[in-house]
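A.B. asks: To start, I am sharing the structure in question, which I have written as structure tokens.
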Amino acid sequence: MENIAPVRALNRRSTQLLQIAFIVLAVGILLAVIGALFQTILLIPRTHPLFSLYEFAGGALLVGGVIAILAAIAMVIRAFTRRKENDLALITGDVLNQTNFFDGRYSYIRNINRPGLGYIDAVLVGPPGALVFRILDDTGNFANEGANWMKQNGQGEWVPYRINPTKQAIDDVQHLRDHLTKKRLETVPVFGVIVFTAGPNMAQVAEQAPVMPISHLHTLIQNLGKEYLANTDRIPQEAVTAVRRLLLE
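Reading the sequence shown from the start, the letters are residues 352 to 600 in the numbering used here.
In structure tokens:
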């Protein structure tokens, strides 16, 4: 099984974002300078009937320039802080490889982040279809009923979990389905799974009619047999290759 991240694509997008940021910065500085000049150098007298419009235009240019400069700074920060790796997804892929269950027909693509799709921890692509991973390293006692999550706090009380992994996983699955449909790959079935990297002694989950399958990492293969691996020959290898190429772009 291939365990890979779209690093080239992420680097390319960061470079493109930097280029856009510099253009926006240049435009912002130009607008701010023009706006400041309008306010300091009066090209028409204050008694002129259009002076209020002149003053408004100068202020608008200055404010617009400052906003553009701030937006450019945010883009630069985003470009340099874009996450190039997902450690939990990397660990998960390594464990899956160690099982020797998945052969060369499978590609495990981690840390996916692209326009039109959003961020996904990892996707396993193979003859059974595409499997979307929502990976957690939290520990403690959890309860999942349908799409609702609770966690036991230090006082033994059950409180709403800080996140909703089921909703996040459902959103990721739907985003991937929509993305594949746009690329004319709607025949590829998409599944989802919530994975706890901590063992059952560290993370205990009480389930009742879960909407999304839940598994500990080291029992993942067995649990996938109920849905994703129930049919290991759903799509041809050509479709697998097309999805792999799409997610690595």
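Even for Gly, the Cβ is constructed at its ideal location relative to N, Cα and C.
#1: Any idea what DSSP makes of Pro540, helix, strand or coil?
#2: Need the endpoints of the beta strand (DSSP E) that Tyr459 sits in, please.
#3: Can you grab the Cα-Cα spacing for the pair His399 / Ala419, in whole Å?
#4: Helix, strand or coil: which one does DSSP assign to Arg485?
#5: Considering just the uninterrupted stretch of the alpha helix (DSSP H) at Lys533, what are its terminal residues?
#6: Following the continuous beta strand (DSSP E) through Gln503, name the residue where it begins and the one where it ends.
#7: Using 10 angstroms around the beta-carbon of Met563, count the other beta-carbons present and answer buried if the total reaches 16, otherwise exposed.
#8: So for Ile420, helix, strand or coil by DSSP?
#9: Measuring CA to CA, which of Leu404, Phe407, Ile424 is closest to Val378?
#10: What residue from Val546, Phe547, Ile385, Pro587 has the CA that sits closest to Gly416's CA?
#11: If you run the structure through DSSP and keep just helix, strand and coil, what is Ala473?
#12: Can you name, in chain order, every residue of its own chain whose Cβ lies under 6 Å from the Cβ of Glu496, other than the five neighbours on each side?
C.D. replies: Let me lay it out:
#1: coil
#2: 458-465
#3: 31 Å
#4: strand
#5: 516-533
#6: 499-503
#7: buried
#8: helix
#9: Ile424
#10: Ile385
#11: strand
#12: Gln559
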